[in-house]
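*Asks:*
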Amino acid sequence: MAQNKPQIAHTVTSIHRWPFLLLGLAALAVGLVGVVVPLLPTTPFLIVAAWSFARSSQRLHDWLYEHRLFGPMLRDWDTNRVIPIWAKACACTAMAASFTYVALSRDLPVWLLAVTALCLIAVAVYILSKPSRA
Numbered sequence: 016m017a018q019n020k021p022q023i024a025h026t027v028t029s030i031h032r033w034p035f036l037l038l039g040l041a042a043l044a045v046g047l048v049g050v051v052v053p054l055l056p057t058t059p060f061l062i063v064a065a066w067s068f069a070r071s072s073q074r075l076h077d078w079l080y081e082h083r084l085f086g087p088m089l090r091d092w093d094t095n096r097v098i099p100i101w102a103k104a105c106a107c108t109a110m111a112a113s114f115t116y117v118a119l120s121r122d123l124p125v126w127l128l129a130v131t132a133l134c135l136i137a138v139a140v141y142i143l144s145k146p147s148r149a
């Protein structure tokens, strides 16, 4: 798998590496919480972490990219922009459940619910438009 790993060709000065490193660590932390907390996505945060580490720490990027659990998701995304069918189902179910909860339990203006629904629909269309396998 190492031969398919993207080479990091970014030139970032050391002063600019710290924000990327901190963003990557924060995204990784939230992604790890998402592994055990239902309805909190993991993959998008890991993608952000990998992107940030690519600009700040080759060692952390390589570790995440080659990780036993997270590496395959990141490599599939990098090479083919693949979102597995189970991830699509989880994401769409979570968005529908979240919207239903907000719509039924909060007294929000109709326009705000409509904007929220349009945003969630746009995200769902994007997710569903991606291939499920390479």
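Just so you know, we're using the working numbering here: the sequence shown kicks off at 16 and counts up by one.
All C-beta atoms, glycine included, are put in the ideal place defined by N, C-alpha and C.
(1) Give the straight-line distance between the Cα atoms of tryptophan 78 and tyrosine 141, rounded to the nearest whole angstrom.
(2) What do you reckon, are the CB atoms on leucine 89 and alanine 111 nearer than 8 angstroms?
(3) Return yes when the Cβ of alanine 104 is within less than 8 angstroms of the Cβ of proline 5, no when it is not.
(4) Just to confirm before moving on: does the CB-CB distance between arginine 74 and phenylalanine 35 stay below 8 angstroms?
(5) The alpha helix (DSSP H) that contains serine 29, what's its start and end?
(6) Just confirm the distance between the C-beta atoms of glycine 39 and phenylalanine 85, as a whole number of angstroms; I'd bet it's less than 8 angstroms.
(7) Extract the residue ranges of the alpha helix (DSSP H) inside the region 85 to 123, only unbroken runs of 4 or more that lie entirely within it.
(8) Would you kindly work out how many angstroms separate the C-alpha atoms of phenylalanine 114 and isoleucine 62, rounded to a whole number?
(9) Restricting to Cα atoms, I'd like to know which of Trp101, Ile100, Val50 and Leu43 is closest to histidine 76.
(10) Please list the terminal residues of the continuous alpha helix (DSSP H) segment that includes threonine 131.
*Replies:* A quick look at the data gives this:
(1) 28 angstroms
(2) no
(3) The requested residue 5 is not part of the displayed model; the chain covers only 16 to 149.
(4) no
(5) 29 to 51
(6) About 13 angstroms separates the two Cβ atoms, so there is no contact after all.
(7) 86 to 95 and 100 to 120
(8) 24 angstroms
(9) Leu43
(10) 125 to 144
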